[in-house]
Amino acid sequence: MSSVFLSHNNIFSAYGPDSVSAIAQIKEGVSSLQLVEDSYLLEGPFYSSRISDDLLNEKFERLRPTENYTRLEKILIASLSDTLEKADLEIDDRVGLIVSTTKGNIDVLEKHSVFPEKRAYLAQLGKKIKEFFQFQNDAIILSNACVSGVLALAVAKRLISQKTYDHVLVVGGDLVTKFIMSGFNAFQALSPEPCRPYCKTRSGINIGEVGSSVLVTADTRQMAREAVKIMGEASCNDANHISGPSRTGEGLFRSVQAALEQSGLSIESIDYISAHGTATLFNDEMEAIAFNRANLQKTPLNSLKGYFGHTLGASGLLETLIGMHSLQKNMLFASKGFQELGVSRPLNIIKDTTSKPLRTFIKTASGFGGCNTAAIFQSAKP
Amino acid sequence: MKPSSFHIASYCRIIDNNIVKNDEVLFTEKTGDLSSFLKKAYKHMEIRYPKFFKMDTLSKLAFIAAETLLKDSVEKNTALVFSNKSSSLDTDRKHSASITDSVHPYASPAIFVYTLPNICLGEISIRHSLYSENSFFIFDEFNPRLLTDYCDSLLSTGKTEKILCGWVDVDKQEYDAFLYLIARTGVYPYTTDELTRLYRKT
Chain A
1 MSSVFLSHNN
11 IFSAYGPDSV
21 SAIAQIKEGV
31 SSLQLVEDSY
41 LLEGPFYSSR
51 ISDDLLNEKF
61 ERLRPTENYT
71 RLEKILIASL
81 SDTLEKADLE
91 IDDRVGLIVS
101 TTKGNIDVLE
111 KHSVFPEKRA
121 YLAQLGKKIK
131 EFFQFQNDAI
141 ILSNACVSGV
151 LALAVAKRLI
161 SQKTYDHVLV
171 VGGDLVTKFI
181 MSGFNAFQAL
191 SPEPCRPYCK
201 TRSGINIGEV
211 GSSVLVTADT
221 RQMAREAVKI
231 MGEASCNDAN
241 HISGPSRTGE
251 GLFRSVQAAL
261 EQSGLSIESI
271 DYISAHGTAT
281 LFNDEMEAIA
291 FNRANLQKTP
301 LNSLKGYFGH
311 TLGASGLLET
321 LIGMHSLQKN
331 MLFASKGFQE
341 LGVSRPLNII
351 KDTTSKPLRT
361 FIKTASGFGG
371 CNTAAIFQSA
381 KP
Chain B
1001 MKPSSFHIAS
1011 YCRIIDNNIV
1021 KNDEVLFTEK
1031 TGDLSSFLKK
1041 AYKHMEIRYP
1051 KFFKMDTLSK
1061 LAFIAAETLL
1071 KDSVEKNTAL
1081 VFSNKSSSLD
1091 TDRKHSASIT
1101 DSVHPYASPA
1111 IFVYTLPNIC
1121 LGEISIRHSL
1131 YSENSFFIFD
1141 EFNPRLLTDY
1151 CDSLLSTGKT
1161 EKILCGWVDV
1171 DKQEYDAFLY
1181 LIARTGVYPY
1191 TTDELTRLYR
1201 KT
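If you read the sequences in order, they're chains A and B. Numbering-wise (my numbering), the first sequence opens with residue 1 and increments by one. Numbering-wise (my numbering), the second sequence opens with residue 1001 and increments by one.
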């Protein structure tokens, strides 16, 4: 089976319009979480990371759109256009498109929306992106809760291995909406402060907003400097509860084991873990149990939620892209917000951003519905 | 790569108040809406699983369809690959209406958790103790070609032994479920043509 790589990529976020602007700030330890006061979204102030309207509209207008697009469509198109520009790829019938999102254009259900309710159907979102870039194949939408972003990479790899496509563009994103904020608030899952994954004083999640995209390809002529090879990936359900994480970390443990097995790598060759780390009490505890069962408790680990918040359908993709840049820079990024270990099992949380030769990392994610995904990536440099 | 040794072991179609399994009508009901139809089907099938009543309509529909195909299956390495058109919009509308209610705006965790299409995969995984691969795709219509490519990849890389695959859609009073079990033995050939034929026939 031929190797499949992640290559050119974009992170469109509160940090700026591309991956480089996000990496530059993360390297300096700067979070993009800000205090937001918007009583329409949520009663009382909350922390979030949101893309500025000015930046979004400025970048989007340069693409010379000929019709009206929703905010999410603009974000996804802006992100994907940067990735496509870097890739310089001819879009023919061998190029696939995967959109990773949990809620898509859910804001069109709001009374003041200028868009028809029809726009809330996720295939419509896919169609808008497909048409903008004139993809020849229909978009495949993956909506699998908070593992969508990393599972989308596994799906892209599987479809390339299966010869359905030669290249797949994966784009992911979700909005910070009243719909989402009210729901997580009802679960009492929102933190009143910037989130602190794995910390003793953690008090829940922040919701953030990014668009991210990547070229997945088997073509070694398409390699960006930060390109990585997908070594193994797996997804396993907890079969335990639809909203509560498993007490034994079953699905996450099994996902990590299966991804490792497919990669043929030993635990010792994993240089770091880019974990999910939402900063809820139960999620972080579940991860600590799963990583200990997998004997990964000594492997350096971070959660990037302290920089972006939880970006839902984009998060697994976003955090994989940061991991690629982390390998390329040989730099372990600090797990922002962490002070003192607050889970029942040992974990090697990265406290300070440090330089270290890096080659391989594992990305994990877990979500509602009991889903878990793990994927292992290795630098494509010889 | 086409894993040659797989078949469609069984299929289930639920549409127009009919439940069909392998060309045979299991249950039918002349009148009533989807919600009452699913409750009657649950009773008719003599299922005892109180969690069923907490589920949203999409999960109930998926649960009943899965029950017909998995109740005799002992293979626990059974992946779930589902798809639909309307995602969880049926429940999304309920959450959206509830949070903007002019008299008593309220967000219910019990509703919000169902505002993701893959929750029905979680419900089926819990019911049948499946620690397996789960994915939920959204397409404009049933897309056997893409689902088959994806399932072939799971089978040929040895990620799973069986797959419960198909379409399960709920949109207000419109609904349609077509699930099929891919396994090493079975009566129907496992091809996209056959899937299209079975889907159109029922």
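A virtual CB, placed ideally from N, CA and C, is assigned to each residue, including glycine. As the structure is a computational prediction, the values presented were derived from the model and not from experiment.
Can you name the residues of chain B whose CB is closer than 7 Å to the CB of residue i?
i                      : result
residue 178 of chain A : 1099
residue 106 of chain A : 1092
residue 40 of chain A  : Going along chain B, no residue has its Cβ under 7 Å from residue 40 of chain A, so there is no contact; the nearest lies around 10 Å.
residue 102 of chain A : 1116
residue 254 of chain A : 1131
I'd like to know whether the C-beta of residue i is nearer than 8 Å to at least one C-beta of chain A.
i                       : result
residue 1075 of chain B : no
residue 1168 of chain B : no
residue 1011 of chain B : no
residue 1103 of chain B : no
residue 1006 of chain B : no
residue 1050 of chain B : no
residue 1231 of chain B : Within the shown structure, residues of chain B are numbered from 1001 to 1202, placing residue 1231 of chain B beyond reach of any answer.
residue 1044 of chain B : no
residue 1096 of chain B : yes
List, in order along the chain, the chain A residues whose C-beta lies closer than 9 Å to that of residue i?
i                       : result
residue 1187 of chain B : By Cβ distance, chain A contributes nothing, its closest Cβ being about 26 Å from residue 1187 of chain B, past 9 Å.
residue 1113 of chain B : 183, 187, 242, 243, 368, 369
Under a CB-based cut-off of 8 Å, is residue i close to chain B?
i                      : result
residue 250 of chain A : yes
residue 16 of chain A  : no
residue 375 of chain A : no
residue 84 of chain A  : no
residue 159 of chain A : yes
residue 24 of chain A  : no
residue 140 of chain A : yes
residue 169 of chain A : no
residue 109 of chain A : yes
If you measure from the CB of residue i, is any heavy atom of the ligand GTP nearer than 7 Å?
i                     : result
residue 52 of chain A : Among the components of this structure there are no ligands whatsoever, and the ligand GTP is therefore not found.
Along chain A, which residues have their Cβ under 7 Å away from the Cβ of residue i?
i                       : result
residue 1161 of chain B : Residues of chain A passing the Cβ test: none, with the nearest at roughly 14 Å.
residue 1149 of chain B : 159, 162, 164
residue 1107 of chain B : 182, 183, 185, 186
Starting from the beta carbon of residue i, find every residue of chain A whose beta carbon is closer than 8 Å, and list them in chain order.
i                       : result
residue 1152 of chain B : 162
With 16 other CB atoms within 10 Å as the buried threshold, where does residue i fall?
i                       : result
residue 1138 of chain B : buried
residue 250 of chain A  : buried
residue 1053 of chain B : exposed
residue 178 of chain A  : buried
residue 202 of chain A  : buried
residue 300 of chain A  : buried
residue 1076 of chain B : exposed
residue 268 of chain A  : exposed
residue 295 of chain A  : exposed
residue 57 of chain A   : exposed
residue 1033 of chain B : exposed
residue 1031 of chain B : exposed
residue 143 of chain A  : buried
residue 1158 of chain B : exposed
residue 35 of chain A   : exposed
residue 148 of chain A  : buried
Please list the partners that residue i has in chain B, where partner means a Cβ-to-Cβ separation under 8 Å.
i                     : result
residue 71 of chain A : Within chain B, no residue comes near residue 71 of chain A; the closest Cβ sits about 17 Å away, beyond 8 Å.
Please report whether the beta-carbon of residue i lies at a distance below 8 Å from any beta-carbon of chain C.
i                      : result
residue 185 of chain A : Here the protein chains are A and B, and chain C is not one of them.
Along the segment 1067-1091 of chain B, what residues have a CB closer than 7 Å to any CB found in chain A? Listed by position, the residues of the segment 1067-1091 of chain B near chain A (Cβ gap below 7 Å) are 1085, 1086, 1087, 1089.
Chain B contacts made by the segment 186-199 of chain A, where a contact means CB separation under 9 Å: 186, 187, 188
Near-chain B residues of the segment 144-155 of chain A (beta-carbon distance less than 8 Å), N- to C-terminal order: 144, 145, 151, 155
Tell me the start and end of each unbroken beta strand (DSSP E) in the segment 194-269 of chain A that is at least 3 residues and wholly inside, in chain order. As far as the segment 194-269 of chain A is concerned, its whole beta strand (DSSP E) runs of at least 3 residues are 211-217, 228-237.
Residues from the segment 227-245 of chain A in contact with chain B, defined by Cβ distance under 9 Å: For the segment 227-245 of chain A, the residues whose beta carbon sits under 9 Å from a beta carbon of chain B are, in order, 234, 235, 236, 237, 238, 239, 240, 241, 242, 243.
Could I get the ranges of all uninterrupted beta strand (DSSP E) runs contained in the segment 78-151 of chain A, with 3 residues as the minimum, in chain order? Counting whole runs of 3 or more residues, the segment 78-151 of chain A contains the beta strand (DSSP E) stretches 95-100, 140-142.
Taking beta-carbon pairs under 7 Å, can you tell me which members of the segment 1116-1130 of chain B lie near chain A? 1116, 1117, 1118, 1119, 1121, 1122, 1123, 1125, 1126, 1129, 1130
For the segment 1174-1201 of chain B, list every residue whose C-beta sits within 8 Å of some C-beta in chain A, in sequence order. none
Residues from the segment 1133-1144 of chain B in contact with chain A, defined by Cβ distance under 7 Å: 1133, 1134, 1135, 1136, 1137, 1138, 1139, 1140
Could you name each continuous alpha helix (DSSP H) segment of 4 residues or more that falls completely within the segment 323-380 of chain A, going from the start of the chain to the end? List check, alpha helix (DSSP H) in window: nothing returned.
Runs of alpha helix (DSSP H) wholly within the segment 1081-1155 of chain B (minimum 4 residues, chain order): Within the segment 1081-1155 of chain B, the complete alpha helix (DSSP H) segments of 4 residues or longer fall at 1089-1099, 1109-1112, 1119-1128, listed in chain order.
Scan the segment 359-370 of chain A for residues whose Cβ lies nearer than 9 Å to a Cβ of chain B and list them as they occur along the chain. 367, 368, 369, 370
Going residue by residue through the segment 1165-1197 of chain B, where are the continuous beta strand (DSSP E) segments of at least 3 residues, counting only ones entirely within it? 1174-1183
Residues of the segment 116-130 of chain A whose Cβ lies closer than 7 Å to any Cβ of chain B, in chain order: 120, 121, 122, 123
At what residue ranges does the segment 158-194 of chain A contain a whole run of the beta strand (DSSP E), taking only runs of 3 or more? 167-173
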